[in-house]
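Beneath this line is the structure, given in structure tokens, with notes to follow.
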Amino acid sequence: MSSNLIELKSEDELIAVLARDVAVILHFYAAWAEQSLRTKEIIKVLARKTAGLVFVLVDADAFPDIATSYDIEFVPSTIFTVGKTVVMHPSSASSPSDIQEFVQAALDSGRGQAPSASGGLGNSSSAAAYRVESASIPIATKQEINKRIVELINSKPVMAFIKGTPN
1 MSSNLIELKS
11 EDELIAVLAR
21 DVAVILHFYA
31 AWAEQSLRTK
41 EIIKVLARKT
51 AGLVFVLVDA
61 DAFPDIATSY
71 DIEFVPSTIF
81 TVGKTVVMHP
91 SSASSPSDIQ
101 EFVQAALDSG
111 RGQAPSASGG
121 LGNSSSAAAY
131 RVESASIPIA
141 TKQEINKRIV
151 ELINSKPVMA
161 FIKGTPN
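Residue numbers (UniProt numbering): 1 to 167.
So, in structure tokens, the structure goes:
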């Protein structure tokens, strides 16, 4: 097995990886889903070929609390994190080609740096790129957004939330 590939065996193992504050690809799969098994193999190949990222394979059935904490709605699903911060969580990176594009986007964005000797991400001038942009929204703006959401929800007696992309 590749040194940057971890098949999760305990929650403590994931906590230890995330505590290192390195670039991590979390791949959630399930043994009963055929597509999950194919994408799991793609992740293994990418881990062998890709330096600068740690790949963690998470069985969503064995670790339902972890899957829930990352809002995993289906398997396979792939997430890019730096430490405990989710950087990319696309809802569509589930096919092998999507996963390859996703990993390449993580590397191209400059987030997939090799860890430094101290276990961090190295001395990067773009350290701000490692943070989720929404985390930098001022509290006043967040309060305005929440107020607007409450107004929208209370504006009609019935509210439908539809997930998807418009065609």
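Here a beta-carbon is modelled for each residue, glycine too, at the ideal position from N, C-alpha and C.
Report task. Report yes if the CB atom of residue 5 is closer than 7 Å to the CB atom of residue 63, and no otherwise. Result -> no
Query raised in the report: In the structure shown, what three-state DSSP assignment does residue 53 receive?
Result: coil
Query - Identity of the residue in 49, 40, 72, 57 nearest residue 11 by Cα - result: 57
Report task. Identify, in the order they occur along the chain, each residue of the same chain with its Cβ nearer than 6 Å to the Cβ of residue 30, setting aside the five sequence neighbours on each side. Result -> 36, 60, 61, 75
Requested in this report: Could you tell me if residue 145 is buried or exposed, where buried requires 16 or more neighbouring beta carbons within 10 angstroms of its beta carbon?
Outcome: exposed
**Report entry** Cβ-based neighbour list, residue 112, same chain, cut-off 6 Å, excluding 5 preceding and 5 following
**Finding:** Only weak support exists for where residue 112 lies, its pLDDT of 44 falling under 50; the value from the coordinates is given anyway. Counting only Cβ-Cβ distances below 6 Å, and skipping sequence neighbours, we find 23, 52, 53, 106.
Report task. Go to residue 68, then tell me how far its alpha helix (DSSP H) extends in each direction, as first and last residue. Result -> 64-69
Query raised in the report: Nearest to residue 25 by alpha carbon, out of 153, 103, 157, 9?
Result: 103
Requested in this report: Could you tell me if residue 141 is buried or exposed, where buried requires 16 or more neighbouring beta carbons within 10 angstroms of its beta carbon?
Outcome: exposed
Query raised in the report: Where does the unbroken alpha helix (DSSP H) through residue 13 begin, and where does it stop?
Result: 11-19
Query raised in the report: What are the partner residues of residue 77, as DSSP defines its beta bridges?
Result: 28
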